[in-house]
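Heads up: the structure comes next, in structure tokens.
Residue numbers (the working numbering): 13 to 476.
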């Protein structure tokens, strides 16, 4: 890992020999790295201990490994495999301590398990964590930076994603930033150096986690995802005849409420599955509304084709349309919390089957539109309100304000748009330039022509 991957070698303890002598401590008597072999309790395969013999983030260390692994593995070959990955894991801790011995436990362990895969890819010992440990697949509502004795080990999926999405040098780049930055800041900085950032990468990572088990797609997503369990759901919806809503043949989905303890913490996610009915041509319309926190909302659909659609970070609402859902066996709403602190963030969603959603654009992507207004409430003295909106497909876009009686107040946008994210402002006046009264207004975004019409409406409270 030093010569091939370019990491710094661990600090040399003998460079601080006088300090060891003053502390009546043992530096091994030379500049070689110290490894001790002893009979460890069965729950330990090895450990690395930094030694506070100098100031600063980088510290020398030593490694202790078990003498036989007899209590952990039944065959000699399996015991040797455990020794191999233990040495790779613990030696990378020694390397890490040369960057920042006080680094947060989640990143220490996630990247150390990742290093096992770099050195002994054929062993795949990390697979033993995934079905039973707290992790991104078994408890996805728990934070990325959790260290509870399990999550930081099963959390190896995160650096494995970073490596495949970018390259393995990114992990070293992050560690080179670790001495002067907290782990999440170092990860964000490393991602920005390759044209990404923590929020967008984490949102994409949560969509990759849909494609595991029999939904795996090794070319596009996780390389070894077929050997992983499928992600735990926080909701699953099926279609029933009694869900029909009037003469339009539109159906609302039923399904359980999300358990209170499963609302996501920061940098965590929920997965809500919709099961398409192959006998019903049409599509799915999902409306999402964030109540607290910042959200990355995505749809990941698996079937004859695998489709992922993400909407940029929002604190407001998002509407997503998935046409021609019979192409898929699973349509997954992926709701990722993008805040770096906090827990139990709340949101709401509704979804409906619509037989009119029978086609989409030539690329086969879902159509999405999102609309956010801020600040909300909007105070006259605070400057204009900003309206941020996302256009999923090129075409006509209208953005119109109405009062609660349904009367049009102001046309903010009316024209042809390319695909992308846009902003406009409202100064609290109507189309005639007159100041409007305080109260609730409806901001409605309409996209597409008559055949492909899509609407999103958000409430805006105006106060003078």
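Built from N, CA and C at the ideal position, the CB exists for glycine as well. What you are looking at is a predicted structure, and each value in this text was computed from that prediction instead of being measured.
Check, Outcome
"Beta-carbon spacing of residue 294, residue 370 below 7 Å", "yes"
"Continuous alpha helix (DSSP H) stretch holding residue 127: start and end", "117-131"
"Residues near residue 340 by beta carbon distance below 7 Å, same chain, minus five either side", "288, 313, 314, 315"
"Segments of 4+ residues assigned as alpha helix (DSSP H) that fall wholly inside the region 149-217", "163-166, 169-177, 181-190, 195-204"
"Any 3 or more C-beta pairs closer than 8 Å across the region 65-84 and the region 38-48", "yes"
"N-terminal and C-terminal residue of the alpha helix (DSSP H) that residue 95 is part of", "88-112"
"Whole-Å CB distance - residue 475 paired with residue 359, under 8 Å assumed", "The pair is not a contact, with the Cβ atoms about 25 Å apart (cut-off 8 Å)."
"Assigned secondary structure, residue 339 (DSSP; H/G/I helix, E/B strand, else coil)", "helix"
"Cβ neighbour criterion (16 or more within 10 Å) applied to residue 23", "buried"
"The region 101-111 in contact with the region 66-74 per 3-pair CB rule at 8 Å", "yes"
"Identified DSSP bridge partners for residue 314", "342"
"Residue of 54, 428, 471 minimising C-alpha distance to residue 385", "471"
"Beta-carbon gap between residue 283 and residue 245 smaller than 7 Å", "yes"
"Where the beta strand (DSSP E) through residue 249 begins and ends", "247-249"
"Identity of the residue in 442, 285, 449 nearest residue 362 by Cα", "285"
"Cβ neighbour criterion (16 or more within 10 Å) applied to residue 441", "exposed"
"Candidates 406, 336, 394, 170, of which the one nearest residue 319 by Cα", "336"
"Continuous alpha helix (DSSP H) stretch holding residue 31: start and end", "29-34"
"Close beta carbons around residue 174, own chain, < 6 Å, minus the five adjacent residues each side", "182"
"Beta bridge counterpart(s) of residue 459 as assigned by DSSP", "409, 466"
"Residue 389 vs residue 437 beta-carbon contact at 7 Å", "no"
"Own chain partners of residue 297 with C-beta closer than 6 Å, once the 5 adjacent residues on each side are dropped", "333, 364, 366"
"Nearest candidate by alpha-carbon position, reference residue 402, set 118, 137, 102, 456", "456"
"Continuous beta strand (DSSP E) stretch holding residue 282: start and end", "280-286"
"Best match in 305, 451, 32 for proximity to residue 416 [C-alpha to C-alpha]", "451"
"Among 419, 222, 101, 424, the one whose alpha carbon lies nearest that of residue 168", "101"
"Status (buried if at least 16 other CB within 10 Å, exposed otherwise) for residue 420", "exposed"
"Residue from 165, 21, 149, 243 with nearest C-alpha to residue 124", "165"
"Cα-Cα separation between residue 307 and residue 300, rounded to whole angstroms", "10 Å"
"Integer Cβ distance of residue 205 from residue 281, believed to fall under 8 Å", "About 25 Å separates the two Cβ atoms, so there is no contact after all."
"Segment limits, beta strand (DSSP E) that includes residue 37", "Counting along the chain, residue 37 falls outside any beta strand (DSSP E), and DSSP gives it neither H nor E."
"Spatially closest choice to residue 1 from 132, 113, 243, 87, by CA coordinates", "Because residue 1 is not part of the residues shown, which for the chain are 13 to 476, the question remains open."
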